[in-house]
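Student: In this note's numbering, the protein residues as written are 141 to 264.
Got a structure for you, questions after.
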């Protein structure tokens, strides 16, 4: 996973950095990363893929059988989970997110609801 420098996203990030909203301060950023696995991402991907496969094999009816992202028996769901973990590791290199479990994620189906919840949070 590699950080991609995009001028338009840097403009949005500068807007979100230290933005005062009432009695709150938003310190956000918007970044883009490639999804091509290389180096440490590739190693992490193999380790996590093996771990998930072993857990599914040892207990097919375990909590790993399904997640908010979809069934982990599906390779696409596992790839999405590993990509999310890799992106967080790249975004925050001083933390290691590889121990995150699938149930610690949630899928938001409606952008309008997310936007509304964020507005409510920022204004209360």
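Idealized CB from N, CA, C, for every residue including glycine.
Checking 9 angstroms against the spacing of the C-beta atoms, do residue 242 and residue 209 come in under that value?
Tutor: The answer is yes: Cβ separation under 9 angstroms.
Student: For residue 159, which residues in the same chain have their Cβ closer than 6 angstroms to its Cβ, ignoring the five residues on either side in sequence?
Tutor: For residue 159, where only same-chain residues beyond five positions count, the Cβ hits under 6 angstroms are 166.
Student: Counting pairs of beta carbons, one from the region 169-178 and one from the region 143-159, are three or more of them closer than 8 angstroms?
Tutor: Counting Cβ pairs under 8 angstroms, three or more are found: they touch.
Student: Once the 5 residues before and after residue 218 are set aside, which same chain residues still bring their CB inside 7 angstroms of it?
Tutor: Cβ within range, chain order: 189, 192, 212.
Student: Measuring only the C-alpha atoms, how far is residue 260 from residue 178?
Tutor: Between residue 260 and residue 178, the C-alpha separation is close to 39 angstroms.
Student: Could you name the residues of the same chain whose beta carbon sits closer than 7 angstroms to that of residue 144, not counting the 5 residues immediately before and after it, in chain order?
Tutor: These residues qualify, in order along the chain: 172, 173, 174.
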